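Novice:
In this note's numbering, the protein residues as written are 227 to 407.
#1: Please report the straight-line C-alpha distance between residue 240 and residue 374, rounded to a whole angstrom.
#2: What does DSSP give as the partner residues of residue 323 in its beta bridges?
#3: Taking the alpha-carbon positions, what's the residue 309 to residue 329 distance?
#4: Determine the direct distance from the alpha carbon of residue 255 to that of residue 344, and round the result to whole angstroms.
#5: Evaluate residue 334 with the Cβ neighbour count: other Cβ atoms within 10 Å of its Cβ, from every protein chain shown; 16 or more gives buried, anything less gives exposed.
#6: Quick one: what does DSSP say residue 269 is sitting in, helix, strand or coil?
#7: With DSSP as the reference, label residue 315 as helix, strand or coil.
#8: Measure from the alpha carbon of residue 371 to the alpha carbon of each residue in 296, 265, 229, 286, then state which is nearest.
Spelled out as structure tokens, the structure:
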């Protein structure tokens, strides 16, 4: 296992343990008494520790919502506007496609998803605290990094199969499987 992966699993495990401990402290009075005793024993101010733990939790919620918002809207918008629409335009210019409909379809879908993503982020921004807004930004950035590193480039054949009805059969030879007698 790579060193960075170990660190990521350690951070995620620590965050999960902290969240479980705080949840148990909030839902069970005996656990809360033990946690208060531990906080009194530590040489830290209890209110500062609790406020920082709350801010970290709100940031984590915001980053999760931001990543989810990116994966739902932003990734598809960039995929349509950055990959599919230019490919359709290029094939239409080379007379491989008979219609401009795939270009318009992918451009409109990309603009629609981008607009929905912008509206969603405007609606979610400032909904809670500044830690939540910072988490939204971090989550959207993390989702963009995730999408960039895990992007799958489809082949030309996949694209032509998706737009099969607009293929110019005279300029593009598409091989199909036939059953042998």
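Heads up, the beta-carbon is just placed ideally off N, CA and C, and yes, glycines get one too. Remember, predicted model here, so these are calculated numbers, not experimental data.
Specialist: The structure says:
#1: Taking the first residue of the chain shown as position 1, residue 240 is located at position 14. Taking the first residue of the chain shown as position 1, residue 374 is located at position 148. For the pair residue 240 and residue 374, the Cα-to-Cα distance works out to about 27 Å.
#2: The residue given as residue 323 occupies position 97 in the chain shown. Per DSSP, 393.
#3: Here residue 309 is taken as the residue at index 83 of the chain shown, counted from 1. Here residue 329 is taken as the residue at index 103 of the chain shown, counted from 1. Inter-residue distance for residue 309 and residue 329 is about 11 Å (C-alpha atoms, whole angstroms).
#4: Position 118 of the chain shown, counted from the start, is the residue given in the question as residue 344. Position 29 of the chain shown, counted from the start, is the residue given in the question as residue 255. Residue 344 and residue 255 have their C-alpha atoms some 43 Å from each other.
#5: For the purposes of this step, residue 334 is identified with residue 108 of the chain shown, where counting begins at 1. Burial call: exposed.
#6: Counting from 1 along the chain shown, the entry for residue 269 is found at position 43. Residue 269: coil per DSSP, three-state reduction.
#7: Position 89 of the chain shown, counting from 1, holds the residue named residue 315. If DSSP states are grouped into helix, strand and coil, residue 315 belongs with the helices.
#8: Taking the chain shown and counting its residues from 1, the one referred to as residue 371 is at position 145. When only C-alpha atoms are compared, the closest one is 296.
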